[in-house]
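Okay, so here's the structure we're looking at.
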Amino acid sequence: MTSAVDGLGARFMELSKPDDDGVYRNGASKRKARTALAVSAIAQLWSEATGALPFAIPEQGVGLAAVGSLGRGQIGPSSDLDLVLIYEPHALNDSQLNALADALWYPLWDSGLDLDHSVRTRQQCEGVTDHDLPAAMGWLDVRPIAGDAELITATAGSILERWRKAARKRLPELLESAQSRLDSFGRMAYLNQPDIKEARGGLRDTVLISALAASWLADRPHGNYDDAVERLLDVRDCIHLAAAKDTDLMLTQYQPAIAQTLGLADPTLPEDERATLSIDDLQMLLARIGRQIAFSWELTSSRAKHALTHERPRFAFFQLLNPRSGGKREAPVFRTLAPGVVEHENEVALAVGAKPAKHADLPLRVAVAAAQAKLPINPLTLRNLKHCPVRDRDWSIEERTLLIRLLGAGDVLPRVWEELDFINIPGHWIPEWLGVRNRPSASAAHRYTIDQHMIEVVSRLGRVAPDGRRYDDARYAALLLAGLLHDIGKRPGVPDHAIEGARHVPVILRRLGFSEDIVRIATLLVREHLTLSEFATGRDPEDPAVAEELAARVDHDPLTLDMLFDLTRADGSSLGATANEAITKKYGWSRWRESLVRTMADAARSRMPRS
193 MTSAVDGLGA RFMELSKPDD DGVYRNGASK RKARTALAVS AIAQLWSEAT
243 GALPFAIPEQ GVGLAAVGSL GRGQIGPSSD LDLVLIYEPH ALNDSQLNAL
293 ADALWYPLWD SGLDLDHSVR TRQQCEGVTD HDLPAAMGWL DVRPIAGDAE
343 LITATAGSIL ERWRKAARKR LPELLESAQS RLDSFGRMAY LNQPDIKEAR
393 GGLRDTVLIS ALAASWLADR PHGNYDDAVE RLLDVRDCIH LAAAKDTDLM
443 LTQYQPAIAQ TLGLADPTLP EDERATLSID DLQMLLARIG RQIAFSWELT
493 SSRAKHALTH ERPRFAFFQL LNPRSGGKRE APVFRTLAPG VVEHENEVAL
543 AVGAKPAKHA DLPLRVAVAA AQAKLPINPL TLRNLKHCPV RDRDWSIEER
593 TLLIRLLGAG DVLPRVWEEL DFINIPGHWI PEWLGVRNRP SASAAHRYTI
643 DQHMIEVVSR LGRVAPDGRR YDDARYAALL LAGLLHDIGK RPGVPDHAIE
693 GARHVPVILR RLGFSEDIVR IATLLVREHL TLSEFATGRD PEDPAVAEEL
743 AARVDHDPLT LDMLFDLTRA DGSSLGATAN EAITKKYGWS RWRESLVRTM
793 ADAARSRMPR S
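FYI, the numbering for the sequence shown is 193 to 803, going by our numbering.
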């Protein structure tokens, strides 16, 4: 027996077909058409189901609603359907309710569609959303499909009202959920195989932004943000088309087809070159989208947090001359972190009177302060830092010192660097950075894009050598700079990125004004950053000639060998992908690998003079 939803998945795919040239265009219109088809087909299913039941369905007291992507009108070619059957307890008895639910759910299952369904009273819907944050997010976009539309609308309105009343108490929960996802899924802009829904800058963040806007704690961003959301939905649609299933993981095996469908492949290029370059362009597109959405989330959540703070009686500047508060208003609290830099409401901001246009080193001062305080940079402060006269040469001693302090910040460095990179400050410091910015690695062993991988490596470098000695200032600076630039030579068509990187490093560091000693050591480390690992896994440490060759690569200097070991360990520990290229938390550094590298390093050390 046929039903209105038979073949609905195939009809979604038919509406989602790319144009004749293989390019997916007018994604918003296609999403609108899929939504209209889904609503129409499910409404027809309701009519078929209720007409076939041996009892009458009342016009009031029972309704079918869509939430999630269908409720938002963003349904993809293979998206699941989130449906809720809402009823008043007096409308149907349990047996009748079960029969109605079966008549709706089974045809949808039989059609092959993924279905997320529930049957609840209005009070149960309110109770679930009061305690389940994802459920509350889903209910902020509700679409009546069939039955008692007034019941659905009233339930949605009640949940929205309850959300607004409880938003101030639930804001910490919402922020914690966002941080938890960031910890688990990372930043979309920096991942070679991101989950475009859960990663920071992904679709889940757009839902949270809408939730904050619905709470009236902050305004919803528009303009570039809206464009980014629509383009990310286009990417999601193309993932569905490439994978032929409901998935948000942009795995390596899907990327050539996704890039092709998004129109990023140049048909005039040879096939292999076309695929490689189109994947690069796809990664850069995702980085731009992810950064825009991530920044919009940071800005919106920051405003929401400030809104809570500002609900308390606050200081008004006119009261300086005419105090009338009787002590009921409190002045804003600013804690000085550095010249021109303060902490305000758990964020790093510019001090009153700071003039970004006159201070080239202000982004460094802000970044170092944010790293040391372990606090985010205020989004509006980031926008103001774009006006700083940042330069790529002739740095002062203070600027070079601040850069090394920033690079030595440890595990907070990736977050702070990302904040600066959103406004392209690193690209102004080091124009060569733009050549690898957002660029995916050709190796499946890399979890991150090239630029993020280098920052992850730097964050793992410490000041203590393997033998327990502390590196002096010059050696430590050289090690950090080598970590920052070790893959700077990974450009398209470059056969040996280590040699290419060693060609760029002295140009960059001399331009910034670093000493020749630092330039020499950093260049050597970049040139040889693969050597220790390659020797350890492919050469015999018992062969005196092998040990001598490795010792010669580091100028027979035991301390340089220690630095190369540290760089090798940091480089290996920042990798992470399984053989089938699915993202995992397994990294490319293990006790076994470390023992191999240590054995080879010890062999080379035996050929060096004792220090």
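Each residue gets a CB set at the ideal place from its N, CA and C atoms; glycine is no exception.
P364 is not a Cβ neighbour of A257, given a cutoff of 7 Å. With fewer than 16 other beta carbons inside 10 angstroms of its own, L245 counts as exposed. When secondary structure is reduced to three states using DSSP, P336 falls in the strand class. In the three-state reduction of the DSSP assignment, G349 falls in the helix class, which pools H, G and I.
With a contact defined as Cβ atoms closer than 8 Å, D306 and D272 qualify at about 4 Å. Within the same chain, Cβ atoms closer than 8 Å to the Cβ of V560 are found at A530, L594, R597, L598, A601, the five residues on either side in sequence being excluded.
Taking C-beta atoms as the reference points, V544 and A562 fail to come closer than 7 Å. Within the same chain, and ignoring the five residues on either side of W781 in sequence, the residues whose Cβ sits closer than 7 Å to its Cβ are R761, G764, S765. In the DSSP assignment, T528 is bridged to V534.
Contact between W621 and V650 is absent: CB atoms are separated by about 14 Å, not below the 8 Å threshold.
It is roughly 52 Å from the alpha-carbon of A283 to the alpha-carbon of N570. DSSP places S310 in the strand class (E or B) of the three-state scheme.
With contacts defined by Cβ atoms closer than 7 Å, A670 and I713 form a contacting pair.
If the five residues before and after V718 are omitted, its C-beta is found closer than 7 Å to the C-beta atoms of A674, L677, H678, A690, G693, A694, V697, all from its own chain and listed in chain order. Exclusion of the five residues before and after T752 leaves I713, L716, L717, V746 as the residues of its chain whose Cβ lies within less than 8 Å of its Cβ. Using a Cβ distance threshold of 7 Å, A451 and L425 do not count as a contacting pair. Within the same chain, K222, P269 come within 6 Å of S208 by CB-CB distance, once the 5 residues on both sides are set aside. Selection V320, A341, Q236, S195 evaluated against E251 yields A341 as nearest (Cα-Cα). For a cut-off of 8 Å, the C-beta gap from H498 to E537 is around 6 Å, short enough to register as a contact.
With 16 or more other Cβ atoms inside 10 Å of its own Cβ, I647 counts as buried. One Cα belongs to E390, the other to F757, and the distance between them is close to 35 Å. One Cα belongs to G199, the other to R379, and the distance between them is close to 37 Å. In the three-state reduction of the DSSP assignment, I569 falls in the strand class, which pools E and B. DSSP, read as helix, strand or coil, puts V259 in strand. Looking from the CA of G201, the closest CA among T194, A293, R226 belongs to R226. In the assembly as shown, W489 is a buried residue. Its beta-carbon has 16 or more other beta-carbons within 10 Å. Contact between the stretch 480-488 and the stretch 387-405 is established, with three or more Cβ pairs separated by less than 8 Å.
The three-state secondary structure of E206, taken from DSSP, is helix. Listed in chain order, the non-local C-beta contacts of L788 below 8 Å within the same chain comprise A728, T729, local neighbours out to five positions each way being set aside.
When DSSP states are grouped into helix, strand and coil, E539 belongs to the strand group. The Cβ neighbour count for H721, taken over all protein chains shown within 10 Å, is at least 16; the residue is labelled buried. Between R592 and F706 a beta carbon distance of about 6 Å is seen, short of the 8 Å cut, so the two are scored as contacting. Between the stretch 366-380 and the stretch 463-471 there are fewer than three C-beta pairs closer than 8 Å, too few to call the two in contact. Taking each of V421, V427, R607 in turn and checking the Cα distance to P386, the smallest one comes out for V427. One alpha carbon belongs to A233, the other to P326, and they sit about 26 Å apart. With respect to the 7 Å criterion, T641 and R652 are not classified as neighbours on the basis of their beta carbons.
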